[in-house]
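Shown next, in structure tokens, is the structure this report addresses.
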Amino acid sequence: MEIGLTHFLILAAFLFVCGIASIMLKRNAIGILMGVELILNAANVNLVAFNRFSYGTINGQPVLAGQVFAIFVIVLAAAEAAVALAIFLNFYNNFATIDVERAQNLKG
Amino acid sequence: MQILSDTSNFFFEKLILGDNPPLWQTIVFDLVVIAAGFAALVSVIAMFCIWWERKVAGHMQSRIGPNRVGPIGILQSLADGLKLLLKEDLMPRDADWFLFRLAPYLAFAPAFAAFLALPFAPNLVFEPRLNVGVFWVLAILSVEVMGVILAGWASNNKWSVYGGMREACQMVSYEIPLGISIIVGVMAAGTLNMVELGHLQSGGLHTWLIYKNPFVFLAFIVYFIASLASNKRAPFDLPESESELVAGFHTEYSGLRFSFFFFAEYGAMFVVGGIQAALFLGAWNDPFGLIGFYFHKFSHDGNTIGLIILNLIGLSIFIGKAMTIIFVQMWLRWTLPRPRIDQVLYACVKVLLPAACAILLGAAIWQLLVPDRPGYPWVDYNPFSAHDWIYSPAGNGTLGLITQIVLMLIGVGVSTAVVMWVLYAAASGRNLKQRLTDPAPIERAPAV
Amino acid sequence: MTTANILAIADQQQAVAAVLFYIFAGISAISALGVVISRNIVRTAVFLLFTLVGVAGLYFLLNAEFLAAVQLVVYAGGTLILIIFGVMLTSKSPFSRFEPKAVEVVIAISVASVIFFALVLAITRTKFAVNPTDFTAYPIDKLGQTLLGDFLVPFEIVSVLLLVVMIGAAYLAKGRRREAD
Numbered sequence: 000m001e002i003g004l005t006h007f008l009i010l011a012a013f014l015f016v017c018g019i020a021s022i023m024l025k026r027n028a029i030g031i032l033m034g035v036e037l038i039l040n041a042a043n044v045n046l047v048a049f050n051r052f053s054y055g056t057i058n059g060q061p062v063l064a065g066q067v068f069a070i071f072v073i074v075l076a077a078a079e080a081a082v083a084l085a086i087f088l089n090f091y092n093n094f095a096t097i098d099v100e101r102a103q104n105l106k107g
Numbered sequence: 000m001q002i003l004s005d006t007s008n009f010f011f012e013k014l015i016l017g018d019n020p021p022l023w024q025t026i027v028f029d030l031v032v033i034a035a036g037f038a039a040l041v042s043v044i045a046m047f048c049i050w051w052e053r054k055v056a057g058h059m060q061s062r063i064g065p066n067r068v069g070p071i072g073i074l075q076s077l078a079d080g081l082k083l084l085l086k087e088d089l090m091p092r093d094a095d096w097f098l099f100r101l102a103p104y105l106a107f108a109p110a111f112a113a114f115l116a117l118p119f120a121p122n123l124v125f126e127p128r129l130n131v132g133v134f135w136v137l138a139i140l141s142v143e144v145m146g147v148i149l150a151g152w153a154s155n156n157k158w159s160v161y162g163g164m165r166e167a168c169q170m171v172s173y174e175i176p177l178g179i180s181i182i183v184g185v186m187a188a189g190t191l192n193m194v195e196l197g198h199l200q201s202g203g204l205h206t207w208l209i210y211k212n213p214f215v216f217l218a219f220i221v222y223f224i225a226s227l228a229s230n231k232r233a234p235f236d237l238p239e240s241e242s243e244l245v246a247g248f249h250t251e252y253s254g255l256r257f258s259f260f261f262f263a264e265y266g267a268m269f270v271v272g273g274i275q276a277a278l279f280l281g282a283w284n285d286p287f288g289l290i291g292f293y294f295h296k297f298s299h300d301g302n303t304i305g306l307i308i309l310n311l312i313g314l315s316i317f318i319g320k321a322m323t324i325i326f327v328q329m330w331l332r333w334t335l336p337r338p339r340i341d342q343v344l345y346a347c348v349k350v351l352l353p354a355a356c357a358i359l360l361g362a363a364i365w366q367l368l369v370p371d372r373p374g375y376p377w378v379d380y381n382p383f384s385a386h387d388w389i390y391s392p393a394g395n396g397t398l399g400l401i402t403q404i405v406l407m408l409i410g411v412g413v414s415t416a417v418v419m420w421v422l423y424a425a426a427s428g429r430n431l432k433q434r435l436t437d438p439a440p441i442e443r444a445p446a447v
Numbered sequence: 000m001t002t003a004n005i006l007a008i009a010d011q012q013q014a015v016a017a018v019l020f021y022i023f024a025g026i027s028a029i030s031a032l033g034v035v036i037s038r039n040i041v042r043t044a045v046f047l048l049f050t051l052v053g054v055a056g057l058y059f060l061l062n063a064e065f066l067a068a069v070q071l072v073v074y075a076g077g078t079l080i081l082i083i084f085g086v087m088l089t090s091k092s093p094f095s096r097f098e099p100k101a102v103e104v105v106i107a108i109s110v111a112s113v114i115f116f117a118l119v120l121a122i123t124r125t126k127f128a129v130n131p132t133d134f135t136a137y138p139i140d141k142l143g144q145t146l147l148g149d150f151l152v153p154f155e156i157v158s159v160l161l162l163v164v165m166i167g168a169a170y171l172a173k174g175r176r177r178e179a180d
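Residue numbers (numbering that gives the first Met the number 0), protein chains in the order written: chain A, 0 to 107; chain B, 0 to 447; chain C, 0 to 180.
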């Protein structure tokens, strides 16, 4: 059987759903960050798969727009992780935990 | 421009399997090459380096080093391996069993996988069409640090965690100057493909990329220092510094798992040396451009036996270059004291990183201003003819040629001086220094 | 070489690609499930590592060698190490057990499965355009031209953003230390 676009999209959907589930289930802030990384990876698989199967050539020239997009996503994910971890460290310093449920100081 | 990586396309595979073999034969061939070729190569190189390191250390400290197992102790690593296999496999009670068992393999697998991209000879490359070769090796090696960190964490031991943390800091920060200095070399070459890198440098000593322009020369030095740190070699061996951290991240490891870390370290040393050889020091080429010349001649004539011999010579030259770099790494290890972790990070962020950025900028400006001699030696031009250099398609290549020759003379002068110094030390040290212990004769069992 | 021969080779290559796809997809899917299920945060990070490596393998199958290498060097070698670093620095917490309640588990599973089946339905029922890429050697020069040609403005914006992030993260981390003194 030929592996086509659908296979990759279903796999990406599965990764996406796993990311959603781990965001909902984890109370550790770093666990939530990992869920976000999973979601970004799912998006990347989609971008590259569409580039490969549905948007491959223009006038006979290969097009790599999807891959360039995926590179941007990876770079932004790294930036996001750096800022998020700095925030978590501050949070840990103030609350002695990284359980996100304990960040309730603004709750009246 | 003709893409030369196609000419070296699966030469040995075609030689053995014929043209257009069934796919299963190709797959079986690849698996056999991986299992019998690369696995054996990694283990032999690692075991040889371990023995050699002990020998070098011994001679630098006026000792003899291993000398009992085999002639000049060369089978010592084999005996050690046997001993490690027979040892009890300990695991701390409170360790995370899953991560503790996983970590050694996670450290070893990347070092092994990086071997698959190294250009050992024009036709001895596992995948010649890997157009991101250099970057791929860098990427694979950066995964190795995960094994070390996990080993430190899973051991549930303070020393191990400190070792893992130090490794993480050091590796993540030194990867930036490492990457930038590789970019400088790649900019001068114009390709990431390892085979093409080799062919580009096939025209003798002055066409090696390290002599391409002064900034590549400096980038080589930056790369060497950064590669020491990312390989956790002394003087940057803080993750396992035995005077402070017992043995760092592998304190709790014993037996076979410990030997995996050892193999990973020496395998990574060889890979790093291999990148330096391939990217800066002319890959499999000899200093006179003979291999490049005869390679094109033989592949044009279809001289199969000549090509096989050339490949074997190229293989030994490549391994020799990488081993030379490994020797320098060992030399530094037994010569330099170990800095503190803050000094290590200072050296990276405030010295090496700005230097690398300045080199990158300088290399870019140089390439804008000075016309290059594009093309492959022996194919597009004759590297030893001044005419071909001066009337280069990119403009007047005289300045480029003069730079390369001057840099080559500097490089040759420095390396000759170093080699003479080493030889002098090895020859006269024997007479000048008194050994602490004399080599004791092995007592043979009396003949019955 | 006959046409039938060429077709047979193409069939075999597809079979190999299928096997490789299922291997890599299996690795990334199972370890993504591990990320969700695992309670130990360091093990979660290791499962995430395997997911990332599996996805890098998929990039190879999708003719994206450069992206696979970027995935390994930035994600597995950079971001994930940063995350593990964060785990190590924050693990000594008196409330380090993070067991979700049963209600949360039920809600999460139902939401996740609803989204998954909706996505699968949408994917299988849509007709996507067919315009595959076709090259034997990866056009790395083309990638560079795309990155610094068509996408020059996003590229520059991302570089400025990275600088901002670097300064911001350093500031946040440094502010923490001053407070502690």
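Glycine residues also receive a C-beta, built at the ideal position from the N, C-alpha and C atoms. Since this is a predicted model, take the numbers as computed values, not measurements.
| Asked | Found |
| --- | --- |
| Residues of chain A with CB closer than 8 Å to the CB of residue 103 of chain C, please, in chain order. | 23, 24 |
| So, is residue 250 of chain B buried or exposed, given that buried needs 16 or more other C-beta atoms within 10 angstroms? | buried |
| When you compare the CB of residue 114 of chain C with every CB in chain A, is at least one pair closer than 7 Å? | yes |
| Any beta carbon of chain A sitting closer than 7 Å to that of residue 162 of chain C? | no |
| Taking C-beta pairs closer than 9 Å, name the residues in chain C that residue 101 of chain B reaches, listed in chain order. | 45 |
| List the DSSP bridge partners of residue 394 of chain B. | B:391 |
| For residue 64 of chain C, would you say it is in contact with chain B, using Cβ-to-Cβ distances shorter than 7 Å as the test? | yes |
| Exposed or buried, residue 90 of chain A, counting other C-beta atoms within 10 Å across all chains shown (16 or more means buried)? | buried |
| Quick one: which chain C residues come within Cβ less than 9 Å of residue 263 of chain B? | Simply none; closest approach about 15 Å. |
| Quick one: grab the DSSP three-state call for residue 45 of chain A. | helix |
| Under the rule that 16 or more other beta-carbon atoms within 10 Å means buried, what is residue 195 of chain B, buried or exposed? | buried |
| If you draw a straight line from the alpha carbon of residue 359 of chain B to that of residue 351 of chain B, how long is it in whole angstroms? | 12 Å |
| Could you give the uninterrupted runs of the alpha helix (DSSP H) lying entirely in the stretch 188-263 of chain B, keeping only those of 4 residues or more? | 193-199, 213-229, 241-244 |
| In whole angstroms, what is the alpha-carbon distance linking residue 151 of chain B and residue 341 of chain B? | 20 Å |
| Rounded to whole angstroms, what's the CA-CA distance from residue 12 of chain C to residue 27 of chain B? Just pull it up for me. | 14 Å |
| My output table needs one value for residue 341 of chain B: the three-state DSSP class, helix, strand or coil. | helix |
| Expressed to the nearest angstrom, what Euclidean distance is found between the alpha-carbon atoms of residue 90 of chain B and residue 111 of chain B? | 25 Å |
| Please confirm whether residue 141 of chain C has its beta-carbon closer than 7 Å to some beta-carbon of chain A. | yes |
| Step through the CB atoms of chain B and report whether any lies within less than 7 Å of the CB of residue 122 of chain C. | no |
| Find out if the Cβ-Cβ distance for the pair residue 62 of chain C, residue 132 of chain C is shorter than 7 Å. | yes |
| Identify the residues that DSSP records as bridge partners of residue 27 of chain A: which are they? | A:98 |
| Pick from A:66, A:88, A:104, A:19: whose alpha carbon is nearest that of residue 37 of chain A? | A:19 |
| Please check the pair residue 394 of chain B and residue 388 of chain B, which I expect to be a contact at CB under 8 Å, by giving their CB distance rounded to whole angstroms. | Residue 394 of chain B to residue 388 of chain B, Cβ: 11 Å. No contact. |
| Using DSSP with H/G/I as helix, E/B as strand and the rest coil, what is residue 60 of chain A? | strand |
| Classify residue 277 of chain B: buried if its beta carbon has 16 or more other beta carbons within 10 angstroms, exposed otherwise. | buried |
| Could you please tell me which residues of the stretch 64-84 of chain A, in chain order, have their CB closer than 9 Å to any CB of chain C? | 64, 65, 66, 67, 68, 69, 70, 71, 73, 74, 75, 76, 77, 78, 79, 80, 81, 82, 83, 84 |
| From what residue to what residue does the alpha helix (DSSP H) around residue 48 of chain B run? | 38-59 |
| Please list the partners that residue 111 of chain A has in chain C, where partner means a Cβ-to-Cβ separation under 9 Å. | Because chain A is modelled from 0 through 107, residue 111 of chain A falls outside the range shown and cannot be assessed. |
| Please tell me whether residue 212 of chain B and residue 271 of chain B are closer than 7 Å, where the distance is taken between their beta carbons. | no |
| For chain A, find out if any of its Cβ atoms is closer than 7 Å to the Cβ of residue 85 of chain C; answer yes or no. | yes |
| Can you name the residues of chain B whose CB is closer than 9 Å to the CB of residue 137 of chain C? | 128, 129, 130, 131 |
| For residue 496 of chain B, name the three-state secondary structure that DSSP assigns. | As displayed, chain B neither begins before 0 nor continues past 447, which places residue 496 of chain B out of reach and without an answer. |
| Is it true that the CB of residue 14 of chain A sits closer than 7 Å to the CB of residue 40 of chain A? | yes |
| For residue 58 of chain C, does the three-state DSSP call read helix, strand or coil? | helix |
| Check the Cβ of residue 27 of chain C against every Cβ in chain F and list those closer than 9 Å, keeping chain order. | Of the protein chains in the structure, A, B and C, none is chain F. |
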